[in-house]
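Numbering (this note's numbering), first residue to last: 3 to 432.
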């Protein structure tokens with residue numbers, strides 16, 4: 003290798019030190035020694051590999067390898083992927099309506115969005131995506147997977163899914179190919195209706211930028227209908243914006259109470275978010291529903307209600323995605339998505355799931371376990387508009403036949419608790 007090429011590799015090493023270890027300049031010589039093995043590998047591959055290789059591809063691969071050692075959510079992004087992330091909140095794209103994540107080295111489904119191709123095809127939370135159009139997802143990055151699943155509306159894509167079936171003791175995993183047609187994803191994130199005993203029900207499917215507009219509209223309408231208690235259903239909600247979770251919590255928490263805090267290595271990563279002095283619905287009896295598809299912002303709301311004794315949490319332990327990422331731009335248009343802090347509930351519990359102990363998430367006050375299949379069918383039945391059939395002059399009916407309907411045991415428990423509370427305390431002052 004020529005001196006000029008070796009010099010470029012050392013420049014790359016110095017760049018890496020500067021980006022990942024900004025305080026290491028005083029010990030840069032020591033860091034160079036630690037990076038010597040990496041540079042030697044790059045030199046040997048460049049000069050001796052059986053075929054000529056692309057140096058840029060090697061550098062990106064090395065960067066990706068470094069970040070993969072950290073956690074499931076940090077990510078090195080090449081320029082194309084970085085551009086995709088910047089446009090991720092536009093919502094005007096062809097896709098499947100599926101939220102995915104990395105867990106224990108697998109690409110898994112966090113939740114399908116209501117009414118989308120993935121939802122209609124029966125994809126379930128915790129399904130593992132083994133292949134995308136026949137290509138293995140092993141070692142495939144989160145954003146590379148998203149990039150492959152998105153495309154022009156109307157085009158088809160096949161996912162190979164591995165679903166755990168505990169009743170099959172010899173081989174607990176069942177493989178299935180699911181072919182779908184991409185569609186434009188425009189999501190309504192809040193659906194609501196009145197239950198018995200003047201109990202309002204709101205299902206929030208994600209914490210997008212417009213969730214609070216829809217939430218405020220739903221709360222006002224339910225109040226007009228005589229709501230005296232409320233169930234907020236955050237099952238299968240993969241999260242979204244921190245600000246949206248904080249704003250939703252402020253509707254129900256008053257007195258400047260802690261909602262959530264973040265903490266990392268540096269002082270700027272420590273933040274606290276509190277409620278306002280007063281809240282519009284501070285006296286409204288409240289129950290929050292969660293399950294293993296509830297993540298991130300959902301867990302912030304549930305944790306804030308639980309730790310402040312503001313409402314009962316019912317269901318199953320939540321997903322445990324409590325990490326804060328920042329995206330740092332790099333000089334060639336690529337980017338570094340880096341975990342810089344973790345979310346903590348008001349009592350100081352870390353929401354992030356520990357990969358070794360699997361402890362994390364929000365543990366419900368009342369644990370109600372039901373099968374994944376039943377849980378998903380319940381979700382179908384709980385849709386207000388998208389899953390009902392309308393006919394002129396007739397009341398809308400559920401799209402699921404009566405024989406296929408199942409009881410929502412989690413919601414039943416919420417209603418039971420709210421009814422018991424109303425007997426003891428009387429109607430809400432709200």
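We put the CB at the ideal spot given by N, CA and C, even for glycine.
Neighbour-count burial assignment, residue i, 16 or more Cβ in a 10 Å radius
{"i": "residue 205", "result": "buried"}
{"i": "residue 258", "result": "exposed"}
{"i": "residue 143", "result": "buried"}
{"i": "residue 51", "result": "exposed"}
{"i": "residue 279", "result": "exposed"}
{"i": "residue 213", "result": "buried"}
{"i": "residue 138", "result": "exposed"}
{"i": "residue 359", "result": "exposed"}
{"i": "residue 422", "result": "exposed"}
{"i": "residue 35", "result": "exposed"}
{"i": "residue 112", "result": "buried"}
{"i": "residue 355", "result": "buried"}
{"i": "residue 396", "result": "Residue confidence for residue 396 is low, a pLDDT of 49 falling below 50, so the modelled location carries little weight; the figure read from the coordinates is stated next. Its Cβ having fewer than 16 others within 10 Å, residue 396 is exposed."}
{"i": "residue 215", "result": "exposed"}
{"i": "residue 235", "result": "buried"}
Under the three-state DSSP convention, the category residue i falls into
{"i": "residue 155", "result": "coil"}
{"i": "residue 312", "result": "coil"}
{"i": "residue 229", "result": "coil"}
{"i": "residue 142", "result": "coil"}
{"i": "residue 242", "result": "strand"}
{"i": "residue 219", "result": "helix"}
{"i": "residue 114", "result": "strand"}
{"i": "residue 395", "result": "Reliability fails at residue 395, whose pLDDT of 48 lies under 50, so the model's placement of it is uncertain and no value is given."}
{"i": "residue 291", "result": "strand"}
{"i": "residue 197", "result": "coil"}
{"i": "residue 368", "result": "strand"}
{"i": "residue 263", "result": "strand"}
{"i": "residue 46", "result": "helix"}
{"i": "residue 420", "result": "helix"}
{"i": "residue 51", "result": "coil"}
{"i": "residue 2", "result": "As shown, the chain starts at 3 and ends at 432. That puts residue 2 outside it, with no answer to give."}
{"i": "residue 68", "result": "helix"}
{"i": "residue 346", "result": "strand"}
{"i": "residue 135", "result": "coil"}
{"i": "residue 299", "result": "helix"}
{"i": "residue 185", "result": "strand"}
{"i": "residue 148", "result": "helix"}
{"i": "residue 191", "result": "coil"}
{"i": "residue 97", "result": "strand"}
{"i": "residue 337", "result": "strand"}
Reference residue i, options the options, closest by Cα
{"i": "residue 191", "options": "80, 217 and 178", "result": "217"}
{"i": "residue 105", "options": "313, 369, 294 and 306", "result": "294"}
{"i": "residue 163", "options": "34, 313, 179 and 70", "result": "179"}
{"i": "residue 322", "options": "297, 175, 193 and 333", "result": "297"}
{"i": "residue 348", "options": "329, 357 and 303", "result": "303"}
{"i": "residue 219", "options": "210, 234 and 194", "result": "194"}
{"i": "residue 263", "options": "129, 62 and 306", "result": "306"}
{"i": "residue 127", "options": "136, 151, 331 and 99", "result": "99"}
{"i": "residue 240", "options": "175, 300, 57 and 274", "result": "300"}
{"i": "residue 253", "options": "53, 312 and 33", "result": "312"}
{"i": "residue 167", "options": "150, 141 and 129", "result": "129"}
{"i": "residue 281", "options": "150, 107 and 256", "result": "256"}
{"i": "residue 369", "options": "54, 411 and 225", "result": "411"}
{"i": "residue 238", "options": "85, 125, 33 and 151", "result": "125"}
Cβ-Cβ distance between residue i and residue j below 8 Å
{"i": "residue 319", "j": "residue 365", "result": "yes"}
{"i": "residue 184", "j": "residue 119", "result": "yes"}
{"i": "residue 134", "j": "residue 102", "result": "no"}
{"i": "residue 512", "j": "residue 196", "result": "Coverage of the chain is limited to positions 3 through 432, which leaves residue 512 absent and any answer about it impossible."}
{"i": "residue 73", "j": "residue 325", "result": "yes"}
{"i": "residue 153", "j": "residue 228", "result": "no"}
{"i": "residue 40", "j": "residue 65", "result": "no"}
{"i": "residue 231", "j": "residue 286", "result": "yes"}
{"i": "residue 1", "j": "residue 276", "result": "Any answer about residue 1 is impossible in this case: the structure gives the chain only from 3 up to 432."}
{"i": "residue 115", "j": "residue 210", "result": "no"}
{"i": "residue 182", "j": "residue 159", "result": "yes"}
{"i": "residue 353", "j": "residue 363", "result": "yes"}
{"i": "residue 334", "j": "residue 81", "result": "yes"}
{"i": "residue 316", "j": "residue 249", "result": "no"}
{"i": "residue 186", "j": "residue 155", "result": "yes"}
{"i": "residue 75", "j": "residue 308", "result": "no"}
{"i": "residue 57", "j": "residue 145", "result": "no"}
{"i": "residue 60", "j": "residue 69", "result": "no"}
{"i": "residue 157", "j": "residue 165", "result": "no"}
{"i": "residue 233", "j": "residue 44", "result": "no"}
Proximity test, residue i beta-carbon vs the ligand GDP heavy atom, cut-off 7 Å
{"i": "residue 259", "result": "Inclusion of the ligand GDP in the displayed structure is not the case, the ligand content being empty and no account of it being possible."}
- Query: Is the stretch 237-256 close to the stretch 334-341, with three or more CB pairs under 8 Å?
  - Reply: The stretch 237-256 is not in contact with the stretch 334-341.
- If we count Cβ pairs, one from each stretch, closer than 8 Å, do we get three or more for the stretch 199-214 versus the stretch 408-425? As far as the Cβ criterion goes, the stretch 199-214 touches the stretch 408-425, which means the pair count is three or higher.
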